[in-house]
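Keeping their order, the protein sequence lines are chains Y and R.
1 is the number of the first residue of the first sequence in full-length UniProt numbering; add one for each residue after it.
1 is the number of the first residue of the second sequence in full-length UniProt numbering; add one for each residue after it.
Below is one structure, written out as structure tokens, with a few remarks after it.
Protein chains: 2
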Amino acid sequence: MMNATIARWDMFELELEGPTDGNPYLEVSLEATITQGDRSIRVPGFYDGDGRYRIRFMPDAEGEWTYTTSSSTPALSGRTGALTVTAARPGMHGPVRVRNGFHFAHADGKPYLPFGTTCYAWTHQPLALQEETLATLSQAGFNKIRMGVFPKNYPFNVNEPLQDIFERNADGNLDFDRPNPEAFRHFEQQLGRLREMGIEADIIIFHPYDRWGYADMSADEDYRYVTYLAARLAAYSNVWWSLANEYDFLLDTKPMEQWDRYFAILEENDPYGHLRSIHNGDVRMNYDHTKPWVTHVCIQNWDVKRTPEWREQYGKPVVNDEPEYEGNIWPAWGNISAEELVHRFWVTLMRGGYAGHGETYAHPDDIIWWAKGGKLYGEAWKRIAFLRQVLEEDAVEGLTPLGGPETWPWSRVSGARDGNVRYIYFGEHQPAQWTSGLPQEDGDYQVDIIDTWNMTITPAERIAPIIPHPTRHGAVVRGGKPDAAFGVKLPGRPHLAIRCRG
Amino acid sequence: MMNATIARWDMFELELEGPTDGNPYLEVSLEATITQGDRSIRVPGFYDGDGRYRIRFMPDAEGEWTYTTSSSTPALSGRTGALTVTAARPGMHGPVRVRNGFHFAHADGKPYLPFGTTCYAWTHQPLALQEETLATLSQAGFNKIRMGVFPKNYPFNVNEPLQDIFERNADGNLDFDRPNPEAFRHFEQQLGRLREMGIEADIIIFHPYDRWGYADMSADEDYRYVTYLAARLAAYSNVWWSLANEYDFLLDTKPMEQWDRYFAILEENDPYGHLRSIHNGDVRMNYDHTKPWVTHVCIQNWDVKRTPEWREQYGKPVVNDEPEYEGNIWPAWGNISAEELVHRFWVTLMRGGYAGHGETYAHPDDIIWWAKGGKLYGEAWKRIAFLRQVLEEDAVEGLTPLGGPETWPWSRVSGARDGNVRYIYFGEHQPAQWTSGLPQEDGDYQVDIIDTWNMTITPAERIAPIIPHPTRHGAVVRGGKPDAAFGVKLPGRPHLAIRCRG
Numbered sequence: 001m002m003n004a005t006i007a008r009w010d011m012f013e014l015e016l017e018g019p020t021d022g023n024p025y026l027e028v029s030l031e032a033t034i035t036q037g038d039r040s041i042r043v044p045g046f047y048d049g050d051g052r053y054r055i056r057f058m059p060d061a062e063g064e065w066t067y068t069t070s071s072s073t074p075a076l077s078g079r080t081g082a083l084t085v086t087a088a089r090p091g092m093h094g095p096v097r098v099r100n101g102f103h104f105a106h107a108d109g110k111p112y113l114p115f116g117t118t119c120y121a122w123t124h125q126p127l128a129l130q131e132e133t134l135a136t137l138s139q140a141g142f143n144k145i146r147m148g149v150f151p152k153n154y155p156f157n158v159n160e161p162l163q164d165i166f167e168r169n170a171d172g173n174l175d176f177d178r179p180n181p182e183a184f185r186h187f188e189q190q191l192g193r194l195r196e197m198g199i200e201a202d203i204i205i206f207h208p209y210d211r212w213g214y215a216d217m218s219a220d221e222d223y224r225y226v227t228y229l230a231a232r233l234a235a236y237s238n239v240w241w242s243l244a245n246e247y248d249f250l251l252d253t254k255p256m257e258q259w260d261r262y263f264a265i266l267e268e269n270d271p272y273g274h275l276r277s278i279h280n281g282d283v284r285m286n287y288d289h290t291k292p293w294v295t296h297v298c299i300q301n302w303d304v305k306r307t308p309e310w311r312e313q314y315g316k317p318v319v320n321d322e323p324e325y326e327g328n329i330w331p332a333w334g335n336i337s338a339e340e341l342v343h344r345f346w347v348t349l350m351r352g353g354y355a356g357h358g359e360t361y362a363h364p365d366d367i368i369w370w371a372k373g374g375k376l377y378g379e380a381w382k383r384i385a386f387l388r389q390v391l392e393e394d395a396v397e398g399l400t401p402l403g404g405p406e407t408w409p410w411s412r413v414s415g416a417r418d419g420n421v422r423y424i425y426f427g428e429h430q431p432a433q434w435t436s437g438l439p440q441e442d443g444d445y446q447v448d449i450i451d452t453w454n455m456t457i458t459p460a461e462r463i464a465p466i467i468p469h470p471t472r473h474g475a476v477v478r479g480g481k482p483d484a485a486f487g488v489k490l491p492g493r494p495h496l497a498i499r500c501r502g
Numbered sequence: 001m002m003n004a005t006i007a008r009w010d011m012f013e014l015e016l017e018g019p020t021d022g023n024p025y026l027e028v029s030l031e032a033t034i035t036q037g038d039r040s041i042r043v044p045g046f047y048d049g050d051g052r053y054r055i056r057f058m059p060d061a062e063g064e065w066t067y068t069t070s071s072s073t074p075a076l077s078g079r080t081g082a083l084t085v086t087a088a089r090p091g092m093h094g095p096v097r098v099r100n101g102f103h104f105a106h107a108d109g110k111p112y113l114p115f116g117t118t119c120y121a122w123t124h125q126p127l128a129l130q131e132e133t134l135a136t137l138s139q140a141g142f143n144k145i146r147m148g149v150f151p152k153n154y155p156f157n158v159n160e161p162l163q164d165i166f167e168r169n170a171d172g173n174l175d176f177d178r179p180n181p182e183a184f185r186h187f188e189q190q191l192g193r194l195r196e197m198g199i200e201a202d203i204i205i206f207h208p209y210d211r212w213g214y215a216d217m218s219a220d221e222d223y224r225y226v227t228y229l230a231a232r233l234a235a236y237s238n239v240w241w242s243l244a245n246e247y248d249f250l251l252d253t254k255p256m257e258q259w260d261r262y263f264a265i266l267e268e269n270d271p272y273g274h275l276r277s278i279h280n281g282d283v284r285m286n287y288d289h290t291k292p293w294v295t296h297v298c299i300q301n302w303d304v305k306r307t308p309e310w311r312e313q314y315g316k317p318v319v320n321d322e323p324e325y326e327g328n329i330w331p332a333w334g335n336i337s338a339e340e341l342v343h344r345f346w347v348t349l350m351r352g353g354y355a356g357h358g359e360t361y362a363h364p365d366d367i368i369w370w371a372k373g374g375k376l377y378g379e380a381w382k383r384i385a386f387l388r389q390v391l392e393e394d395a396v397e398g399l400t401p402l403g404g405p406e407t408w409p410w411s412r413v414s415g416a417r418d419g420n421v422r423y424i425y426f427g428e429h430q431p432a433q434w435t436s437g438l439p440q441e442d443g444d445y446q447v448d449i450i451d452t453w454n455m456t457i458t459p460a461e462r463i464a465p466i467i468p469h470p471t472r473h474g475a476v477v478r479g480g481k482p483d484a485a486f487g488v489k490l491p492g493r494p495h496l497a498i499r500c501r502g
């Protein structure tokens with residue numbers, strides 16, 4: 001019996017020697033039952049080549065655990081051991097979960113506000129470029145990254161990947177029944193480095209931009225691949241499962257039942273219940289995010305003022321991972337201005353959702369952040385980091401919009417509150433004074449004006465509240481009394497926000 | 001028998017002396033049958049006070065016409081006369097009609113592209129201010145104005161009107177059975193002056209912003225008032241009927257059947273079939289613009305990229321008369337930046353609709369253009385005039401969007417064509433090169449880049465077309481050949497457009 005000690009939410013790995021004959025990927029089952037007190041967890045293992053089998057476990061509680069393996073192969077069965085789990089390392093807060101319906105927190109309760117970026121194929125680029133990507137990420141202020149397991153074949157993405165994801169057979173074709181351990185070891189090494197940087201990895205399992213055959217694997221090959229990912233990667237605390245980038249462009253070969261089944265495989269084989277989502281291409285083709293296995297809404301949609309609609313429609317956290325990208329390349333999803341992307345972040349956050357970043361400036365060697373990583377050349381990322389910093393200062397339960405999708409004036413301007421803090425973001429609006437949404441009772445509030453582009457926060461001048469003129473308005477006489485205890489004087493230019501604390 | 005000569009589309013007025021006893025408004029019917037060859041037109045008359053009755057007629061064809069009056073009062077019946085109609089005066093093109101499904105033209109065939117502004121209550125302001133409004137309009141480049149018959153009671157609009165629209169009875173109350181001829185003479189004088197300036201008057205018949213009682217007239221009072229407006233004003237060639245500003249805020253006292261009836265009264269009493277529309281307040285409360293008596297869609301909606309949806313939904317010209325206004329007042333519909341309003345105009349036009357202007361900068365004496373007229377202080381109006389000038393240079397049949405509401409890439413960027421000219425407006429997008437939507441055959445095209453804010457037009461550099469990289473994209477391999485014969489190099493900043501002629 002082995003005995004090991006690891007910190008809570010770190011990864012314990014049991015390596016076993018076993019048979020190499022036949023195809024262990026297809027033929028050998030392996031799992032462990034891991035127990036603490038009355039609680040037992042089934043943890044699947046996987047074959048890592050060269051006769052090595054692994055079971056990985058991320059304990060979510062301190063104290064003593066024991067395990068016993070079972071396998072279709074007697075040599076791998078009945079192994080036992082004990083595990084001592086100590087307190088989490090500093091900075092490790094555990095996997096991210098849904099909290100308060102529309103928001104997220106780490107397992108230790110620390111609020112998690114996703115501010116993600118996108119580097120679809122960064123782990124398939126030359127190693128020096130991958131180092132540059134990690135160095136950029138260490139400075140950029142993002143805490144999530146969308147990244148694919150498979151390489152990408154797309155405009156600006158014509159290079160071959162570092163490794164094949166499956167091994168090639170004698171005639172040079174990919175054998176989708178033989179995962180390439182080298183490729184996965186590299187992928188999970190980068191996954192671990194992201195974890196140490198506090199960055200969640202939103203792992204894209206399928207996508208249509210393929211010339212190697214990954215997008216055309218059979219249903220059974222897909223199911224085994226998803227099972228393998230769960231066994232191999234789920235013990236990394238920073239894993240999120242993104243079933244696809246643009247799943248709807250794969251519906252010709254992967255019908256809807258298959259997508260539902262992938263979700264089920266993750267539920268069955270990921271003992272930790274990492275977040276699960278699925279991303280659409282066509283805006284009319286959102287997956288039915290009300291299905292119970294979807295933990296949160298992942299969406300591609302530039303029309304960010306509709307965020308409250310998606311909250312209402314799906315009743316889950318909304319992460320708009322593709323509100324178009326800052327850049328200047330020819331595809332229209334990849335060429336909005338930095339100002340516009342920052343604006344879309346603020347609108348989305350101030351309507352109770354979350355947004356994702358991408359950068360797509362043309363580059364002489366096609367090294368574009370959105371797919372390959374490298375350097376950031378744009379202006380939005382700094383303002384997004386500023387927004388994150390502003391919101392994290394006061395984050396408690398998560399932002400709730402001040403009004404519904406069509407509630408005056410919140411269909412036009414954006415506002416949200418979280419406990420004692422409230423924000424009103426004006427965007428393209430530039431009122432010289434404002435009252436709506438401010439506190440209705442007089443009190444000791446700290447009121448600031450935030451310049452979302454210049455990244456300044458300055459105390460606001462409080463003025464008398466606006467008292468709307470009474471008018472016949474249908475049967476309603478609007479106004480006659482203010483809707484808040486005080487108003488705020490504003491400089492009358494766009495892209496400002498008010499923060500009111502207290 | 002009288003004989004008169006007027007120009008086509010000018011107004012012929014027959015004045016008759018008649019009874020003053022009782023209430024002629026309620027008790028005396030009057031109309032003329034006006035005949036040219038086989039064609040007879042019923043033209044209603046009206047009582048103008050002091051025993052004067054008038055029948056007004058706007059002939060739409062040159063040549064000889066005759067008329068005969070009929071009335072419930074023998075003194076007004078059987079009057080006959082002849083009318084010689086000469087060619088239209090220079091610059092007079094006749095009333096505006098719907099043409100080509102989604103567009104407008106004057107009766108003589110001249111394309112009419114509405115570029116309207118909004119001065120709801122300008123005819124109720126002091127006369128000097130009205131002169132200033134007209135002087136501004138003469139320079140501003142607008143060819144339509146939204147203006148109410150009734151005065152306005154609303155924030156920033158607290159002054160009493162110049163005149164009551166109905167006369168007051170002995171105890172000082174308005175008598176809704178006695179129109180005030182003085183008020184109407186003033187209103188139609190200004191209507192005539194707009195006509196001479198080439199400005200269409202989008203006359204708002206009802207609105208909810210009222211403290212005098214106009215919004216609470218009975219159904220029968222309403223019906224008589226609409227009938228009177230048609231008899232009195234329809235002979236002005238520049239009349240458009242706008243049943244309401246924000247009709248839905250009046251539904252408590254004027255149910256939907258009444259709105260339908262107002263439309264019918266206009267159809268029955270306006271011999272010329274001037275344009276008829278109705279404007280919503282709440283974006284969820286659009287009137288059913290498919291009803292046959294609605295000539296075009298008048299809409300209030302800031303979400304201007306949806307313009308093609310409204311075209312498809314209603315199958316009529318779309319005029320978004322309230323895409324929010326440039327300004328800095330506190331109501332959120334009245335404080336967008338000039339840049340944003342110009343952007344919304346371009347998006348709307350480049351998706352096959354039309355937009356309306358309003359300006360709402362706070363003013364120490366509440367003299368705000370949107371309601372009272374006066375001066376323009378903003379920056380959008382100049383760019384809107386520039387847009388009008390650009391489009392009128394090439395206007396033939398009207399702009400048709402390059403794609404449907406969700407067609408790639410036209411849901412993101414905006415493009416339209418009219419015969420041999422096509423435009424692509426990028427807005428917040430800033431590609432460094434572009435191909436989609438340009439001509440598919442090589443040829444002798446004139447290609448320009450339009451800076452929509454700086455109002456410059458410069459020749460574009462043509463470059464090789466973008467050839468999309470072939471990708472597996474569902475079952476479709478996208479690209480491999482360009483979708484146009486050439487591309488255009490762009491400076492990679494927002495708010496530019498391409499114009500391609502030939």
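All C-beta atoms, glycine included, are put in the ideal place defined by N, C-alpha and C.
For residue j and residue i, the rounded distance between their alpha carbons
| i | j | result |
| --- | --- | --- |
| Pro74 (chain Y) | Val226 (chain Y) | 25 Å |
| Glu436 (chain Y) | Arg351 (chain Y) | Reading off the sequence, residue 436 (chain Y) comes out as Ser, not Glu. The alpha-carbon atoms of Ser436 (chain Y) and Arg351 (chain Y) are separated by roughly 15 Å. |
| Ile457 (chain Y) | Asn335 (chain R) | 22 Å |
| Ile203 (chain R) | Glu188 (chain R) | 11 Å |
| Thr66 (chain R) | Arg42 (chain R) | 12 Å |
| Tyr377 (chain R) | Glu359 (chain R) | 8 Å |
| Arg97 (chain R) | Lys144 (chain R) | 14 Å |
| residue 503 (chain Y) | Tyr272 (chain R) | The requested residue 503 (chain Y) does not occur in the structure, where chain Y is confined to residues 1 to 502. |
| Cys119 (chain R) | Asp252 (chain R) | 26 Å |
Outcome for residue i when other beta-carbon atoms lying within 10 angstroms are tallied against a minimum of 16
| i | result |
| --- | --- |
| Thr69 (chain R) | buried |
| Gly398 (chain R) | buried |
| Trp293 (chain Y) | exposed |
| Glu182 (chain R) | exposed |
N-terminal and C-terminal residue of the alpha helix (DSSP H) that residue i is part of
| i | result |
| --- | --- |
| Leu127 (chain Y) | Leu127 to Ala140 |
| Asn180 (chain Y) | Asn180 (chain Y) -> no alpha helix (DSSP H), and no H or E assigned at all. |
| Phe386 (chain R) | Ala380 to Asp394 |
| Gly258 (chain Y) | Note on residue identity: the sequence assigns Gln, not Gly, to residue 258 (chain Y). Unbroken alpha helix (DSSP H) run through Gln258 (chain Y): Met256 to Asn269. |
| Trp65 (chain R) | Looking at the DSSP string, Trp65 (chain R) is not in any alpha helix (DSSP H); the run it does join, the beta strand (DSSP E), is Gly63 to Ser71. |
| Thr348 (chain Y) | Ala338 to Leu349 |
| Trp370 (chain Y) | Trp369 to Lys372 |
Interface partners of residue i on chain Y, CB under 7 Å
| i | result |
| --- | --- |
| Asn328 (chain R) | Gln430, Pro431, Ala432 and Gly492 |
| Asn335 (chain R) | His429, Gln430 and Pro431 |
Extent of the continuous beta strand (DSSP E) run through residue i
| i | result |
| --- | --- |
| Arg42 (chain R) | Arg39 to Tyr47 |
| Ala416 (chain R) | Ser414 to Asp418 |
| Val85 (chain R) | Thr80 to Thr86 |
| Val158 (chain Y) | Here Val158 (chain Y) belongs to no beta strand (DSSP E), and DSSP marks it neither H nor E. |
8 Å contact criterion, which residue i and residue j should meet: CB distance rounded
| i | j | result |
| --- | --- | --- |
| Gly94 (chain R) | Gly198 (chain R) | Between Gly198 (chain R) and Gly94 (chain R) the Cβ distance is about 12 Å, and since that is not below 8 Å, they are no contact. |
Chain Y residues whose Cβ lies nearer than 9 Å to that of residue i
| i | result |
| --- | --- |
| His469 (chain R) | Asn153, Tyr154, Pro155, Phe156, Asn157 and Val158 |
Cβ-heavy atom distance, residue i to the ligand ZN, below 7 Å
| i | result |
| --- | --- |
| Gln300 (chain R) | Here there are no bound small molecules, and the ligand ZN is not part of this structure. |
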